[in-house]
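Engineer: Chains as they are written, first to last, in our numbering: chain S, 1 to 306; chain R, 1 to 241.
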């Protein structure tokens, strides 16, 4: 039982929740950018919460099922078609052996996740099936998918939500609001910079990728210079390099870095950031730590269930 | 005793504990022992502990450990000044073939220092290097303690591909390239051993706080060790401290 890749699209990779426990040795976590789409799609299929999926970026794959299979395409609407029938995002479908599943350009969002019943069965390395292209690890030979790849699917029972079952997963519209807690180096910035950071709308630039979302806006002026002695980097940390223009560090971020980090995006808002594309607008909303932690706990409790 | 660290929240799922604002072996030893003590507590919900020069960052699941319990554990880990764990380190003897095709920039380093290539090798291989932290690339060690006379600026034109195992000098730093990568360091030698192998457990043999010593080897020894590494017969010499 497998999925044969006929056309891989520009950047399609196998991902799961990412590899934990190896950042101390310099390994990025990798893993899905949009955890909401990922966990909800797996929940809908009654999969292991960490079952591996294909993450597609801006343009989707064309692929063929070698055996009957249930699947969900979650996140951005990439105009999916099962043979000649359009499919809706975030919805369970049943494919028959030989069925063609094809996606086009993103109509909404930036990333679409193809989850299959059982999950994709690529080798587990350091506790994860996620592709880390820079370190050439995980997924299919540590690289993005290419034409002719045959992705095995883990055997699974038939239990899943019925065909047509779906979940609500709106993509960002207008100016996306990302809540963020100041720090860990907010004290390296002037009071004016902090006000500017939390008030001006930023524009997502085309240099954004799985490592980081680079933003454009009026530059910040740090009072101590932007460099610190390198320290660890959390998912969602907003670092400010010498240009004064913030970068939100995402799934493939380096484990350590030497730029001051003005704020950290709430983990429950990172799935919104993951779906932004170049030219989209974003605004940071200052949030205190206690509220952020309460929001994180509430969010995660909803992730693993329907 | 006065608290010598600061706890800096990094959003809702990570926190950095920072000891001072300089790079020094003493502060790095504080980091290593506090991070080790926290790891030894084996608390549920702690996903990653990243030790760096003067801080460590903890990534956690706020559903599995509440912030009060985490703060309590952090304070406990950072409390003891007497470092019980400071003895738990390993010395790794890394064989290195210096010069010729293994180290095409050895002459450059020698010319910059105004000494012979052989003297560069002697000064590089007689020191002990402590690993301050791992990062940048998987298993890339940031090392302390290089002989200052060997400081050499990075190449003006970085190489597009530095081979795995290359030993180089970049400014005040020396290190080993764990994977093939672009880079601007002066390459003085190459090791046939693989400190990083994704198929081994753990994937990187050393950790922050451990010590590296470079052992000069001949071309013949390089070939022999490389063959042994390939068939899994080579064991890197280590020593517990």
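Even glycine gets a Cβ: it sits at the ideal position worked out from N, Cα and C.
With 16 as the cutoff for other CB atoms within 10 Å, does residue 36 of chain S come out buried or exposed?
Structural biologist: Residue 36 of chain S is buried by the Cβ-count criterion.
Engineer: Hey, residue 12 of chain S and residue 144 of chain S are a contact pair by Cβ (cut 8 angstroms); roughly how many whole angstroms apart?
Structural biologist: Yes, they are in contact, since the Cβ atoms of residue 12 of chain S and residue 144 of chain S sit about 6 angstroms apart, within 8 angstroms.
Engineer: Counting only beta-carbon atoms, is residue 33 of chain R nearer than 9 angstroms to chain S?
Structural biologist: Residue 33 of chain R does not count as touching chain S.
Engineer: Shortest alpha-carbon distance to residue 128 of chain R belongs to which of R:18, R:174, R:109, R:116?
Structural biologist: Ranking R:18, R:174, R:109, R:116 by Cα distance to residue 128 of chain R puts R:174 first.
Engineer: Would you list the residues sitting across from residue 183 of chain R in a DSSP beta bridge?
Structural biologist: Per DSSP, R:159.
Engineer: Is there a C-beta anywhere in chain S that falls below 9 angstroms from the one on residue 168 of chain R?
Structural biologist: Closer than 9 angstroms: no.
Engineer: Near residue 205 of chain S, which residues of its chain fall below 8 angstroms by C-beta distance, leaving aside the five closest residues on each side in sequence?
Structural biologist: If we look at residue 205 of chain S and ignore the five residues flanking it on each side, its Cβ neighbours are 214, 215, 216, 278.
Engineer: Of the choices R:238, R:6, R:54, whose alpha-carbon is the least far from that of residue 258 of chain S?
Structural biologist: Looking at the Cα atoms, R:54 is the closest of the given residues.
Engineer: Please confirm whether residue 138 of chain R and residue 179 of chain R have their CB atoms less than 9 angstroms apart.
Structural biologist: Yes; because the gap between Cβ atoms is below 9 angstroms, this pair is in contact.
Engineer: Between the stretch 169–179 of chain S and the stretch 156–174 of chain R, can you find at least three pairs of beta-carbon atoms closer than 8 angstroms?
Structural biologist: Output reads no: the stretch 169–179 of chain S does not touch the stretch 156–174 of chain R.
Engineer: Between which residues of its own chain and residue 45 of chain R is the CB-CB distance below 7 angstroms, once the five residues before and five after are set aside?
Structural biologist: Result list for residue 45 of chain R: 60, 61, 64, 65, in chain order.
Engineer: Report all residues from its chain with a CB closer than 8 angstroms to the CB of residue 159 of chain S; omit the five preceding and five following residues, and keep chain order.
Structural biologist: Around residue 159 of chain S: 46.
Engineer: Can a CB atom of chain S be found closer than 9 angstroms to the CB of residue 114 of chain R?
Structural biologist: So, not an interface residue.
Engineer: So does the stretch 212–219 of chain R actually touch the stretch 120–127 of chain R, counting three or more Cβ pairs closer than 8 angstroms?
Structural biologist: Segments in contact, yes.
Engineer: Can you tell me the Cβ-Cβ gap for residue 126 of chain S and residue 203 of chain R, rounded? I've got them flagged as a contact below 8 angstroms.
Structural biologist: Contact flag correct, Cβ pair sits at about 6 angstroms.
Engineer: Between residue 200 of chain S and residue 284 of chain S, what straight-line distance do the alpha-carbon atoms span, to the nearest angstrom?
Structural biologist: Distance between the alpha carbons of residue 200 of chain S and residue 284 of chain S: 8 angstroms.
Engineer: Do we get a CB-CB distance below 9 angstroms when we pair residue 22 of chain S with the residues of chain R?
Structural biologist: At least one chain R Cβ lies under 9 angstroms of residue 22 of chain S.
Engineer: Spatial neighbours of residue 186 of chain S within its chain, please: C-beta separation below 7 angstroms, excluding the five flanking residues on both sides.
Structural biologist: Taken in chain order, the residues that qualify are 194, 262, 263.
Engineer: Measure how close the beta-carbons of residue 103 of chain S and residue 53 of chain S come, nearest whole angstrom, since I'm counting them as under 8 angstroms.
Structural biologist: Contact doesn't hold; Cβ gap of about 13 angstroms is too wide.
Engineer: Please state if the CB of residue 70 of chain S and the CB of residue 93 of chain S are separated by a distance shorter than 9 angstroms.
Structural biologist: Closer than 9 angstroms, so yes.
Engineer: Since residue 7 of chain S sits in a beta bridge, which residues does DSSP pair it with?
Structural biologist: For residue 7 of chain S, which the question treats as bridged, DSSP gives the partners S:62.
Engineer: Would you say residue 137 of chain R faces chain S, with C-beta separation under 9 angstroms as the test?
Structural biologist: So yes, residue 137 of chain R belongs to the interface.
Engineer: Apply the 10 Å Cβ neighbour rule to residue 16 of chain S and answer buried if 16 or more other Cβ atoms are within range, or exposed otherwise.
Structural biologist: Residue 16 of chain S should be labelled buried.
Engineer: Within the 9 angstroms Cβ cut-off, does residue 52 of chain S reach chain R?
Structural biologist: Not closer than 9 angstroms to any Cβ of chain R, the Cβ of residue 52 of chain S fails to qualify, so no.
Engineer: So who's on the other strand from residue 232 of chain S, going by DSSP bridges?
Structural biologist: Paired residue(s): S:256.
Engineer: State the Cα-Cα distance for the pair residue 108 of chain S and residue 251 of chain S, rounded to the nearest angstrom.
Structural biologist: One C-alpha to the other measures close to 21 angstroms.
Engineer: Pull up the distance between the alpha-carbon of residue 19 of chain S and that of residue 297 of chain S, whole angstroms please.
Structural biologist: Cα to Cα, residue 19 of chain S sits roughly 21 angstroms from residue 297 of chain S.
Engineer: If we count the other Cβ atoms within 10 Å of its Cβ and call it buried at 16 or more, is residue 149 of chain S buried or exposed?
Structural biologist: With 16 or more other Cβ atoms within 10 Å, it is buried.
Engineer: Extract the residue ranges of the alpha helix (DSSP H) inside the stretch 154–217 of chain S, only unbroken runs of 4 or more that lie entirely within it.
Structural biologist: Whole alpha helix (DSSP H) segments, 4+ residues: 191–197.
Engineer: Let's see if you can read the secondary structure: which residues bound the beta strand (DSSP E) around residue 55 of chain R?
Structural biologist: Its beta strand (DSSP E) spans residues 55–60.
Engineer: Does residue 210 of chain R come within less than 9 angstroms of chain S when only Cβ atoms are used?
Structural biologist: False, the Cβ-Cβ gap to chain S never drops below 9 angstroms.
Engineer: Quick one: is residue 164 of chain R near chain S, going by C-beta distance under 9 angstroms?
Structural biologist: Residue 164 of chain R does not count as touching chain S.
Engineer: Is the CB of residue 173 of chain R under 9 angstroms away from at least one CB in chain S?
Structural biologist: No - not a single Cβ of chain S is within 9 angstroms of the one on residue 173 of chain R.
Engineer: Measure the C-alpha to C-alpha separation of residue 130 of chain R and residue 187 of chain R and round it to an integer number of angstroms.
Structural biologist: Cα to Cα, residue 130 of chain R sits roughly 20 angstroms from residue 187 of chain R.
Engineer: Whole angstroms are fine: how far does the CA of residue 79 of chain R sit from the CA of residue 38 of chain R?
Structural biologist: Rounded to whole angstroms, residue 38 of chain R to residue 79 of chain R spans 11 angstroms at the Cα level.
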